[in-house]
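One structure is given below, encoded as structure tokens.
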Amino acid sequence: MKALILAANGFEDLTLFVPWLRLKEEDVEVTIASPFLHAVTGQHGYAIEPDTAIHEVNPDEFDLLVIPDGPAAERLRLREEAVDVARTFIEDGRKVAAVGHGAQLLISAGALDGRRVTCAPGIRDDVRGAGAVYSDEAAITDGPLLTGRGPDDLTAFVHALMVLVGVKKARVRA
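This is the structure:
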């Protein structure tokens, strides 16, 4: 399995690094893409070097797209190449996992209409305006789309991510 993580300056550090490291633990090949080929820095000062520029990404080479939380999502949605990557994943029915503000990129890609999602509370009205059915939950899986509320809910999000990629079985709730 191959995963693509989109990153730009201002990503929420935990929502990039925790899924990235967890996927690598499961031998998923992870590629970090950003608008430019220079280090991007998270909100808490951690930097990461991208493997490639977003405009060089061929979505057909990946099985999973991960979109971290933070102001980076707003920066990514202003980049047509990032919007195109997200739109392609959704239209092709491939797996997409977005945390917190990551849903902003999906809004710009026109990918939320009729989907059940969660997101950062500050953009819930935007998500509803994009036609999604918003629910205030830690993580929600709607077909191949996984959304998470934010960094405080990473345990639930990463568990759901592992289920989405087929590593774990879903928990049965009583």
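Mapping of the sequence shown onto our numbering: residues 61 to 234, in sequence order.
C-beta atoms are modelled at their ideal positions from N, C-alpha and C, and glycine is treated no differently.
Computed from a predicted model, the values in this text were never measured in an experiment.
If the five residues before and after Gly102 are omitted, its C-beta is found closer than 6 Å to the C-beta atoms of Phe71, Asp73, all from its own chain and listed in chain order. When DSSP states are grouped into helix, strand and coil, Lys84 belongs to the helix group.
Ser195 carries a coil assignment under DSSP once its states are collapsed to helix, strand and coil. Glu109 sits in coil when the DSSP states are folded into three classes, being neither helix nor strand. In the structure shown, Glu89 adopts extended strand secondary structure according to DSSP, grouped into three states. Apart from sequence neighbours up to five positions away, the residues of its chain that approach Ile92 with a beta-carbon distance below 7 Å are Ile65, Ala67, Ile108, Pro110, Asp111, ordered along the chain. Non-local C-beta neighbours of Tyr194 in its own chain, meaning closer than 6 Å and more than five positions away in sequence, comprise Arg184, Val187, Arg188, ordered along the chain.
A Cβ-Cβ separation of about 10 Å leaves Ala216 out of contact with Leu206 under the 8 Å criterion. Assignment of beta-bridge partners to Ala99 by DSSP yields no partner. The residue from Asp87, Glu86, Phe77 with its alpha-carbon nearest to that of Tyr106 is Phe77. Judged by beta-carbon spacing, Gly174 lies beyond the 8 Å limit of Gly210, meaning their Cβ atoms are not closer than that value. Burial check for Ala99: the Cβ neighbour count within 10 Å stays below 16, so the residue is exposed. The alpha-carbon of Thr75 is positioned some 9 Å away from that of Ala158. For Ala180, the closest C-alpha among the options Leu97, Asp120, Gln164 is that of Gln164.
In the structure shown, Arg176 falls within a strand segment according to DSSP collapsed to helix, strand and coil.
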